[in-house]
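Structure record follows, encoded as structure tokens.
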Amino acid sequence: MAGTLLATSVSNPFTAYIFAANEPDKSKPWYGIGIDIEKCIGCGNCAKACKAENDVPKEPFFFRSWVEQYTIKNDGSLKVQSPNGGIDGQTQDIHEDEIFKTFFVPKMCNHCEKSPCVQVCPVGATFESPEGVVLVDEKYCIGCRYCIQACPYGCRYLHPEKKTADKCTLCYHRLKKGLNPACFEVCPTGARIYGDLHDKDGVMHKFLKEHNCHVLKPNLNTGSKLFYNGLNAEVR
Amino acid sequence: MPPQLKTLLPLLVVFICLFLLARHFLIPESFGKYGHYRANSLDEIATLPTHYVGKAVCADCHDEEAAKLASDLHKGLTCEVCHGPGSLHIEDQEKGILVKPGSREFCGTCHSLNPARRTEVIHQIDIKTHNIERVNCIDCHNPHAVWEMKE
């Protein structure tokens, strides 16, 4: 008992200061995301809806959410493509006989618990909300791009007009109004779900229990809250 | 105390006061309420406008289409998957005109043949060769009730 108390009294401030992570507020939901790669058909509706909902610039290099198509050839070589983030649909130009394996991987912010992007922000403009959603304070961001470099998943970009860092907010404005985030709303196959990780009877617990889930780059200890079912080792 | 320190002491006090004063004015009001960030930005982000309205809102007016959609294979889809975000349409039906897509390319974003798509998840068709005499998918298929064929 005393040992546990001592350990938490040391580890909590350690987590807070080193990882810039706040203690999860047990009275509020702590959001996690589940993506079933086996169900994803690569239609790109998520990427399209994300752009429409969040007024993301239409140019094909600004994305908060996008879909990648992975193709592993019989000779072991790997090809990853994401034309316009998958918004216009995906095409396969490798002949079927040459393909060993192919699948889609929808990407978005992992809303890490120990976010590298939050740790590097020099002004406290990017932060983890009490619900575990990593957000950017537009008015406070100075556009130094540290966070864009720090994100190991490439989920941030510099907004060309606002000149501030921009990223997936898990549609925080929709969550707060009781609506589903846009990408979840339009997914035709139900490949993505989100829910409260504290809730022992919730959809996320069910998803994690019934699937063999993995996070991206677990070696980086980012505490990613985006769990993929059926994730191949080739996915980066 | 050495006299040189005595003369520097008021200067130090002035500096500290200036620092505290500047800090008071430079740090935003709600900074640090929940953590090392401006708590008001949470509300600012939460009050951003939404564009996707949801199936239930569409069904308020278009109840026939919504019922038809719910009766068939496309029941997992919301209206806005194909028709696009509906917030403008709700404000003003004349200005916020929604798209009615039905071309081979559009339906193909989900239904074209691709080895990465699992056959048990999605019905696929070769959009380049399938019934090529008709131009668009909706010339034959009713997207709201997929198995209902048009003449």
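Residue numbers (our numbering), protein chains in the order written: chain A, 83 to 318; chain B, 4 to 154. Glycine included, each C-beta is placed from N, C-alpha and C at the ideal position.
Annotation for Phe18 of chain B: the continuous alpha helix (DSSP H) segment containing it runs Pro6 to Leu29. Looking at the DSSP output, Asp281 of chain A shares a beta bridge with no other residue.
Per the C-alpha coordinates, the member of A:Trp112, A:Leu298, A:Pro300 and A:Ile275 positioned closest to Lys288 of chain A is A:Ile275.
The beta-bridge partner set that DSSP reports for Asp219 of chain A is empty. By the Cβ neighbour-count rule, Lys98 of chain B is exposed, with fewer than 16 other Cβ atoms within 10 Å of its own.
Between Leu240 of chain A and Ala247 of chain A, the C-beta spacing is below 8 Å.
The segment 108–125 of chain A makes contact with the segment 210–217 of chain A; the number of CB pairs closer than 8 Å reaches 3 or more. Ranked by how close their Cα comes to the Cα of Asn156 of chain A, the residues A:Val268, A:Arg146 and A:His177 have A:His177 in first place. Within the DSSP secondary-structure output, Trp148 of chain A pairs in a beta bridge with A:Lys189. Between the segment 137–146 of chain A and the segment 10–17 of chain B there are fewer than three C-beta pairs closer than 8 Å, too few to call the two in contact. In the three-state reduction of the DSSP assignment, Ile117 of chain A falls in the strand class, which pools E and B. For the segment 97–123 of chain B, the residues whose beta carbon sits under 8 Å from a beta carbon of chain A are, in order, Glu108, Gly111, Thr112, Cys113, Ser115, Asn117, Pro118, Ala119, Arg120 and Arg121. Bounds of the alpha helix (DSSP H) holding Phe109 of chain B are Arg107 to His114. Taking 8 Å as the threshold, the shortest C-beta distance from Arg26 of chain B to chain A does not fall below it.
Against chain B, the CB of Gly272 of chain A has a partner CB under 8 Å away; the residue lies at that interface.
Asp170, Gly171, Gln172, Thr173, Gln174, Glu178 and Ile181: these are the residues of the segment 157–181 of chain A whose beta carbon lies less than 8 Å from some beta carbon of chain B, given in chain order.
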